[in-house]
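Chains as they are written, first to last, in the numbering used here: chain A, 1 to 749; chain B, 1 to 144.
Backbone N, C-alpha and C fix where the C-beta goes; we use that ideal spot for every residue, glycine too.
Comments concern the structure below.
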Amino acid sequence: MSPTRNTNGKRIFFGLLILGITASLVVALGMPSSGLAQPAESPAPPDSSQLEKVSPLPVLSDSLIPLPVQPTEKPAPSFVERVDHGFATTVDWMMSFLFYKLFPQPQESITTNSRNYYVRDADSKDPFQGIDITGKPTGKQLTFKQAEALKARGKLELGTAGRLWRTGVEGDRAVEFVTVNEDVGTKYVLGVLDGTTVFRKDLEGRVLLGTAPEDILTLDQAKKLASQGRLQSDPEKLTASGALKPGMVNPYLSEGVVGGAPLVVLWLAVGSVFFTFYMRGFNIWGFRHAFQVVRGRYDNPNEPGEVTHFQALSSALSATVGLGNIAGVTIAMTIGGPGAFFWMMACGFFGMTSKFVECTLGQKFRTVKPDGTILGGPMQYLSAGLKQLGLGPLGSVLAIMFSVMCILASFGGGNMFQANQAGSAILFVLQDTDRQELEQVNQEIKSAAVAENFAHLDDLQTQKQTLQEKMDGFKKVFVVVFGIVLAVFVALVIIGGIKRIGAAAEKIVPTMCGIYVLACLYVIFANLLDVPPLVAMIFTEAFNPQAFGGGLLGVLVIGVQRAAFSNEAGVGSAAIAHSAAKTEEPVREGAVALMGPFIDTIVICSMTALVILVTGAWDNEAWLEQGLQGSALASRAFESQISWFPWLLTVAIVLFAYSTIISWSYYGERCWERLFGARTTICYKALSITCVFIGTIAHLGAVLDFSDLMILSMAFPNILGAVLLAPGVKRDLASYWRRYRSGEFKTYK
Amino acid sequence: MAWLPKADVVVPIDFSDESFAAIDTALDLVKTPESVHVVHVLPELSATEPGVVWGEVDDASRMDHAEDALRAQLKSESDTYNQIDVAVAIGDPGHEIADYASNVGADIIVLPCHGRTGLKRLLIGSVAERVVRLAHCPVLVLKD
Chain A
1 MSPTRNTNGK
11 RIFFGLLILG
21 ITASLVVALG
31 MPSSGLAQPA
41 ESPAPPDSSQ
51 LEKVSPLPVL
61 SDSLIPLPVQ
71 PTEKPAPSFV
81 ERVDHGFATT
91 VDWMMSFLFY
101 KLFPQPQESI
111 TTNSRNYYVR
121 DADSKDPFQG
131 IDITGKPTGK
141 QLTFKQAEAL
151 KARGKLELGT
161 AGRLWRTGVE
171 GDRAVEFVTV
181 NEDVGTKYVL
191 GVLDGTTVFR
201 KDLEGRVLLG
211 TAPEDILTLD
221 QAKKLASQGR
231 LQSDPEKLTA
241 SGALKPGMVN
251 PYLSEGVVGG
261 APLVVLWLAV
271 GSVFFTFYMR
281 GFNIWGFRHA
291 FQVVRGRYDN
301 PNEPGEVTHF
311 QALSSALSAT
321 VGLGNIAGVT
331 IAMTIGGPGA
341 FFWMMACGFF
351 GMTSKFVECT
361 LGQKFRTVKP
371 DGTILGGPMQ
381 YLSAGLKQLG
391 LGPLGSVLAI
401 MFSVMCILAS
411 FGGGNMFQAN
421 QAGSAILFVL
431 QDTDRQELEQ
441 VNQEIKSAAV
451 AENFAHLDDL
461 QTQKQTLQEK
471 MDGFKKVFVV
481 VFGIVLAVFV
491 ALVIIGGIKR
501 IGAAAEKIVP
511 TMCGIYVLAC
521 LYVIFANLLD
531 VPPLVAMIFT
541 EAFNPQAFGG
551 GLLGVLVIGV
561 QRAAFSNEAG
571 VGSAAIAHSA
581 AKTEEPVREG
591 AVALMGPFID
601 TIVICSMTAL
611 VILVTGAWDN
621 EAWLEQGLQG
631 SALASRAFES
641 QISWFPWLLT
651 VAIVLFAYST
661 IISWSYYGER
671 CWERLFGART
681 TICYKALSIT
691 CVFIGTIAHL
701 GAVLDFSDLM
711 ILSMAFPNIL
721 GAVLLAPGVK
731 RDLASYWRRY
741 RSGEFKTYK
Chain B
1 MAWLPKADVV
11 VPIDFSDESF
21 AAIDTALDLV
31 KTPESVHVVH
41 VLPELSATEP
51 GVVWGEVDDA
61 SRMDHAEDAL
71 RAQLKSESDT
81 YNQIDVAVAI
91 GDPGHEIADY
101 ASNVGADIIV
111 LPCHGRTGLK
121 RLLIGSVAER
131 VVRLAHCPVL
141 VLKD
């Protein structure tokens, strides 16, 4: 019983590959953080300084500096903020458990909190007078008009009902005061640069820390900011009432941890490597057969099920190919650099076997309902499969856990996140001209400020304000309209049962993928000369990341996490779609399923990644400074090569998002059916459509985080169950392969 | 059941053991098995189902499948079930069962009560209750 007979060469190659990757994984995980700090033999990396620890920690200020004015009113949180807060609590809880970070590195940082205060007596109509931190007048005045202009630029801390001022007390005096935010929330990380202890700016969305002179604060500058109360005090060091906790010193220095590998990411990675070893690399030697099956060679129309192998694969792909392949990969490249590319590919490669195992199980334990339709997926195989092993109660618990998580994931990552990003993508293209104009005005403002041309500066400020208001106004209307349109289109399919729209959206996915890959190839070939050094960089940065401070582990985690979000291998969702295939051979559909991560990650994600790398977008300071990230940055990268491509990309993004929403609503509905029965799915559908609308109009940070976490969390029950059921899959595979080799299977094409 | 013999009796079947047991009660009420009409109600199919997306599954094919499955199940339960009239409908079970009963001119509907509790009862309600409310003929609800 050796399924790999005659494949010794492949086996050796594969063994070496596995060994290499596992060894580096083990080295990465086993390496203490101090080991990363001093690369003994390799030449000193250009940015190694940020890994050096400062000891003892500098004391910025012994005590808390009281603010000159204490507010007596606090604007009531809006409904959305309250919902967001509720989810934030849950996210924190999940983060500390499911996303528990292994091997984190300590990091000390300060965060700016630079505000200027202007006060006047309560109920007076006087102009506001500036005061410093001790309450002494600065002699500056703030007129109503100036305050309005500051509000428009988002620089004011607003009072109740959007008022410009808040009520408060300055000492014993009741006042009305205006708070102007000068520089709030910029994070600086403590480190050593050229032998001096400094704070370096944390560049948003990147692991890299700033090295430019304006990104650096010396110790004295930091102490001065602290003495002026212009730094945020670390909430960890404060009591609920805002006083310094007993025994705590140095309130302005945050001592936290960063990096590390979230438990769930390791779970996914270790799971997929285990499955690949255990199935003896079926993702390699089964690939050719998988391709034949997808081409319809073994399609028997009379076997139970709903769709052919190709159709099942397309349906599963329409759920996985989404914004993760464009926006997610771009983020991985900007944060993790070229090294993350390697780990993304590794995740795609090993994920193929996870997908094989879960989809084989999905087929094996599916239920064919009386009307010939199928109910299958992790919620079935966890309960039915584990019951066979005598683990019934565990199976039921895991199945319910999976179903709940899948429903929530279908509202979040499979719905709100997609709707939100699709809306942003369209808005980005529509406002392109306005944004460029705004950029122009900003430049002019800078030069006018340098030239001290105040008359012109005023004009420009007004111009900027008008432009900003125009853009914001358009955005407000646009998101509501787009939210309604998208919700209606989703409702037409999932409630109205208009089959053609749903079918068209899903069927167009393979074509869109093809066009996207061709465009990427065009960009890559146009920059062919840059490719060889890039490939070298991918490998060196994967194992020895020099340009990035997160270390090998950081780069690995970024690559694996983004790839797993995209291909969903190990998450179990695709098993729901694959179980609908017409076949009596579970292993055959499993083989088809392993094409999923290959197409999604090794083909499509790598195309995006190569375009981002080859165009230099991942490291383009100018673009990153404009705040471009995710799909907007990808769009910009394509625009630099093919001027009209952002439009096509937007169409692709919207279609990917729409088909993902539809396909994920199918997954969520099946799980709902498993929990509450088929008759109540209308409740699920109504919730789903509400989510589309909410996802588009609201910026729900924590809600989106929560639902994204849910997708990865599905891997906990799924991989646990799949590992327990893996011996059965291995036996099935051996038997199937023996019959395949002996030519027992009838071919139809 | 020493009642007057009924001309036509409808038994809704959801493939549960209790629903098949209700057929025996129905057979007691009629002279010949042909007077028993069993009906299975399928839920509306979601347009996102892969089979629907690819045009491989439609209501007609589902009804055929369900009818075959129902006949096969009846055959395996007992030989007397062979002569029973079989039908499949799609939609809300309460409405469909009541409609079917009035279409065949049923004198009575016989169905079991699953006694769902908790969340499922809140969401689904009881099919038996809905049938009682909507039917134009008497309804016999069997308790466990």
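What are the residues that DSSP puts in a beta bridge with residue i?
i	result
Asp64(B)	In DSSP, Asp64(B) forms no bridge with anything.
Gln70(A)	Val169(A)
Leu460(A)	The partner list for Leu460(A) (beta bridge, DSSP) is empty, contrary to what the question assumes.
Gly191(A)	Val198(A)
Gly130(A)	Tyr118(A)
Asp17(B)	None, per the DSSP bridge assignment.
Gln107(A)	Gly256(A)
Ala89(B)	Val41(B)
Pro112(B)	Leu142(B)
Asp600(A)	DSSP, once it has assigned bridges, lists no residue as partnering Asp600(A).
Thr218(A)	Val198(A)
Gln141(A)	Gln129(A)
Does residue i have its Cβ less than 8 angstroms from a Cβ in chain A?
i	result
Val141(B)	no
Leu74(B)	no
Ser46(B)	yes
Arg71(B)	no
Arg62(B)	yes
Pro12(B)	no
Ala66(B)	yes
Gly51(B)	yes
His95(B)	no
Pro112(B)	no
Glu56(B)	yes
His40(B)	yes
Can you check whether the C-beta of residue i is within less than 8 angstroms of a C-beta belonging to chain B?
i	result
Arg312(A)	Contrary to the premise, residue 312(A) reads as Ala rather than Arg in this sequence. At least one chain B Cβ lies under 8 angstroms of Ala312(A).
Ile558(A)	no
Val493(A)	yes
Val307(A)	yes
Ser751(A)	The first residue shown for chain A is 1 and the last is 749, placing residue 751(A) beyond what the model contains.
Arg741(A)	no
Ser396(A)	no
Pro370(A)	yes
Glu669(A)	yes
Thr696(A)	no
Ser735(A)	no
Ala503(A)	yes
Leu36(A)	Because the pLDDT of Leu36(A) is 28, which lies under 50, any placement of that residue in the model is unreliable, and the number read from its coordinates should be weighed accordingly. No, Leu36(A) does not count as interfacial toward chain B.
Arg679(A)	yes
Can you tell me the Cβ-Cβ gap for residue i and residue j, rounded? I've got them flagged as a contact below 8 angstroms.
i	j	result
Val80(A)	Ala698(A)	5 angstroms
Ala722(A)	Leu268(A)	Contact doesn't hold; Cβ gap of about 12 angstroms is too wide.
Ile719(A)	Gly271(A)	4 angstroms
Lys237(A)	Leu244(A)	6 angstroms
Ala98(B)	His136(B)	7 angstroms
Tyr188(A)	Asp172(A)	With 8 angstroms as the limit, Tyr188(A) and Asp172(A) do not qualify as a contact, their Cβ atoms being about 36 angstroms apart.
Comparing the CB of residue i with every heavy atom of the ligand ZN, is any distance shorter than 7 angstroms?
i	result
Leu492(A)	No copy of the ligand ZN occurs in the structure displayed, which carries no ligand at all.
> Does the count of Cβ pairs from the region 136-143 of chain A and the region 292-302 of chain A closer than 8 angstroms reach three?
Replying inline: Cβ pair count under 8 angstroms is below three, so no.
> Does the count of Cβ pairs from the region 601-610 of chain A and the region 514-526 of chain A closer than 8 angstroms reach three?
Replying inline: When C-beta atoms of the region 601-610 of chain A are compared with those of the region 514-526 of chain A, three or more pairs fall below 8 angstroms, so the two segments count as touching.
> Touching or not, the region 358-370 of chain A and the region 727-742 of chain A, by the rule of three or more beta carbon pairs under 8 angstroms?
Replying inline: Touching, yes, given that three or more Cβ pairs across the two stretches are closer than 8 angstroms.
> Considering only residues of the region 378-442 of chain A, which uninterrupted alpha helix (DSSP H) runs meet the minimum length of 4 residues and lie entirely inside it, listed in chain order?
Replying inline: Given a length threshold of 4 residues, each whole run of the alpha helix (DSSP H) inside the region 378-442 of chain A is given here in chain order: 378-388, 392-411 and 417-430.
> Pairing CB atoms from the region 279-296 of chain A with CB atoms from the region 106-120 of chain A, are three or more of them under 8 angstroms?
Replying inline: Judged by Cβ distances under 8 angstroms, the region 279-296 of chain A makes no contact with the region 106-120 of chain A, as fewer than three pairs qualify.
>> Ignoring anything shorter than 3 residues, give me the beta strand (DSSP E) runs that lie fully in the region 223-281 of chain A, in order along the chain.
In response: When DSSP assignments are scanned along the region 223-281 of chain A, the uninterrupted stretches of beta strand (DSSP E) that are 3 or more residues long and fall wholly within it turn out to be 254-258.
> Can you find at least 3 beta carbon pairs, one from the region 70-81 of chain B and one from the region 12-29 of chain B, that sit closer than 8 angstroms?
Replying inline: Put simply, the region 70-81 of chain B touches the region 12-29 of chain B. At least three CB pairs are less than 8 angstroms apart.
> Should the region 152-162 of chain A be regarded as contacting the region 174-183 of chain A, the criterion being three or more beta carbon pairs within less than 8 angstroms?
Replying inline: Here the region 152-162 of chain A lies against the region 174-183 of chain A, with 3 or more beta-carbon pairs under 8 angstroms apart.
> Counting Cβ pairs, one atom from each stretch, are 3 or more of them under 8 angstroms apart for the region 671-682 of chain A and the region 653-661 of chain A?
Replying inline: Cβ pair count under 8 angstroms is below three, so no.
> Is it true that the region 378-393 of chain A meets the region 402-410 of chain A, where meeting means three or more beta-carbon pairs spaced less than 8 angstroms apart?
Replying inline: Yes: at least three Cβ pairs fall under 8 angstroms.
> Which residue spans inside the region 465-553 of chain A form an unbroken beta strand (DSSP E) run of at least 3?
Replying inline: As for any beta strand (DSSP E) of minimum length 3 sitting wholly inside the region 465-553 of chain A, there is none.
> Counting Cβ pairs, one atom from each stretch, are 3 or more of them under 8 angstroms apart for the region 495-512 of chain A and the region 434-450 of chain A?
Replying inline: No, because fewer than three Cβ pairs between the region 495-512 of chain A and the region 434-450 of chain A fall closer than 8 angstroms, the two stretches do not touch.
>> Suppose only complete runs of 4+ residues qualify. What are the alpha helix (DSSP H) ranges in the region 613-701 of chain A, listed by chain order?
In response: Correct list: 621-625, 630-639, 645-676 and 681-697.
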